[in-house]
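Heads up, the thing below is written out as structure tokens.
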Amino acid sequence: AIAEYGGRYLVRGGAAEILEGKWVNVPRLVIVEFESIEQARRFYHSAAYQAARQTRLNAAEMNMLVVAGVDNLV
Numbered sequence: 001a002i003a004e005y006g007g008r009y010l011v012r013g014g015a016a017e018i019l020e021g022k023w024v025n026v027p028r029l030v031i032v033e034f035e036s037i038e039q040a041r042r043f044y045h046s047a048a049y050q051a052a053r054q055t056r057l058n059a060a061e062m063n064m065l066v067v068a069g070v071d072n073l074v
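Going by full-length UniProt numbering, the first residue of the sequence shown is number 1, and it counts up by one from there.
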């Protein structure tokens, strides 16, 4: 579903080393790039993602956020 909405994985799992701050229990980190925040929202609200989300709800705890990229800074 990510590729269908123009998304591309920049980071997908792997070991993370905390250099500063108080990160709590981050066993896996995924960063996906979309062309725009609106495109990321379209992906999030898509039927395909929402179906996968329902499956995941009972299997894993997750946090998700959307952040403007450098090109979108004001």
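Ideal Cβ positions, reconstructed from N, Cα and C, are used throughout, including at glycine. As the structure is a computational prediction, the values presented were derived from the model and not from experiment.
Between residue i and the ligand GDP, is the CB less than 7 Å from at least one heavy atom?
i    : result
Ile2 : With respect to the ligand GDP, the structure shown offers nothing to examine, as it has no ligands at all.
Where does the unbroken alpha helix (DSSP H) through residue i begin, and where does it stop?
i     : result
Glu38 : 37-45
Give the straight-line distance between the Cα atoms of residue i and residue j, rounded to the nearest whole angstrom.
i     : j     : result
Ala40 : Val11 : 16 Å
Val32 : Gly7  : 6 Å
Arg28 : Gly13 : 5 Å
Ala51 : Leu19 : 36 Å
Ser36 : Ala68 : 8 Å
Ala3  : Ala48 : 12 Å
Less than 8 Å between the CB atoms is what I'm expecting for residue i and residue j, so what's the real figure, rounded?
i    : j     : result
Ala1 : Ser46 : 6 Å
(request) Would you mind listing the alpha helix (DSSP H) stretches within the UniProt domain "DUF1330" (1-70) that are 4+ residues and don't spill past its ends, in chain order? (result) 37-45, 47-57
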